[in-house]
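Enquirer: Provided herewith is a single structure, encoded as structure tokens, for subsequent inquiry.
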Amino acid sequence: MKVLRRETVPIDRLRVSEWNVRKEVYDDLYSDLVDSVMSCGIIDDIIVDTNYEIVSGQLRWLSAKKAGLKEVPVVVCQFEDDFDKMRVCILQDYVRHDLSDRDRGFFIKKCLDLGLTPEEISRRTGIPRSTIALWAQVAKVKMELKERAGEEEKSELEKLDRLALKKVVITKRLVDTGQLTLKDAVKAAEELPERELLQVEKEVTRGVPVNVDKRIERIKSKDTQLIYLRLPKDLFDKAVRIARRERKDLVDLLLEIIAEGIEKLWY
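Numbering (this note's numbering), first residue to last: 1463 to 1729.
Encoded structure:
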């Protein structure tokens, strides 16, 4: 990217570039920014190409329109190629505002369409390859869940946008086991710490029933004490088999055994 000049231009002269990776835009996303623009104007110039298409600064432009501004400051830049536009956009908006999974997925897809590998995307953006891979995985996971979800489950998909990326991937794996509904899997991901969620995944993968509501209740309860206990593998395997046979939540079963043992020894 090469900076050519700084200008103040009529707000209606601008339009959003097709290479701007932010595709999900709604009022709540920039409502606070509108108040800031009304008070102080646009502090950071909008980045545009030579056709005055917005490469970075879409939310600032929308906020300015809503605040009633007639003109906005822009930096006119010359870009090496289409990827260069996306690179500037992803890095600028990555720092300023969280992008949605759909936005990240759009960025990855466009890059792959241009023939770039994940390694090249990482090298040219400075974003770790593991992050690039996670973005691609989450975009794929959400698309697969969307295709499988029934009408009554559509609202659950919206909740995925509020989850940490790793939890989205775990949620998909929970649903794939066939042991949890999408609703229960999303609820578990929303309420349980990641470590607890991974434990739930291990259990349902082995066919052990899991009571999501009771797991969440215990996490939130002030009358419980958190301990980490390492069971010998043979004892754990026996507990898993008993839980499957009795159709009981594994934690419920272990608590029953512990409570019974304590009561016998208590005097």
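Just so it is clear, CB atoms sit at the ideal spot from N, CA and C, and this is done for glycine as well.
Here's the rule I'm using: 16 or more other beta-carbon atoms within 10 Å means buried, otherwise exposed. How should residue 1633 be labelled?
Expert: Burial call: buried.
Enquirer: Can you round the beta-carbon distance between residue 1538 and residue 1469 to whole angstroms, since I take them to be within the 8 Å contact cut?
Expert: Right, their Cβ atoms sit about 6 Å apart.
Enquirer: Report yes if the CB atom of residue 1636 is closer than 9 Å to the CB atom of residue 1651, and no otherwise.
Expert: Yes.
Enquirer: Helix or strand or just coil, what does DSSP make of residue 1508?
Expert: Here residue 1508 sits in strand by DSSP.
Enquirer: If you measure between the beta carbons of residue 1674 and residue 1712, is that distance less than 9 Å?
Expert: The answer is no: Cβ separation not under 9 Å.
Enquirer: Between the Cα of residue 1688 and those of 1657, 1663 and 1666, spot the shortest distance and give me the residue it belongs to.
Expert: Measuring from the Cα of residue 1688, the nearest candidate turns out to be 1657.
Enquirer: Residue ranges of each alpha helix (DSSP H) run of no fewer than 4 residues wholly in the stretch 1568-1627, ordered along the chain?
Expert: For the stretch 1568-1627, whole alpha helix (DSSP H) runs of length 4 or above, ordered along the chain, are 1580-1587, 1591-1610 and 1616-1621.
Enquirer: Can you check whether the CB of residue 1662 is closer than 9 Å to the CB of residue 1569?
Expert: No. Outside cutoff.
Enquirer: Based on Cα-Cα distance, which residue from 1522, 1623 and 1518 lies nearest to residue 1567?
Expert: Checked all of 1522, 1623 and 1518; the closest Cα to residue 1567 is 1623.
Enquirer: Once DSSP output is grouped into helix, strand and coil, what is the label at residue 1540?
Expert: Residue 1540: strand per DSSP, three-state reduction.
Enquirer: In three-state DSSP terms, what is residue 1725?
Expert: Residue 1725 falls in the helix class under three-state DSSP.
Enquirer: Leaving aside the five residues before and after residue 1649 along the sequence, list all residues of the same chain whose C-beta is less than 7 Å from its C-beta, in chain order.
Expert: Once the five neighbours on either side are set aside, the close Cβ partners of residue 1649 are 1674.
Enquirer: Quick check on DSSP: helix, strand or coil for residue 1704?
Expert: Looking at residue 1704 - three-state DSSP - the assignment turns out to be helix.
Enquirer: Looking at the secondary structure, which residues open and close the alpha helix (DSSP H) in which residue 1518 lies?
Expert: Residue 1518 -> not in any alpha helix (DSSP H); beta strand (DSSP E) instead, spanning 1515-1518.
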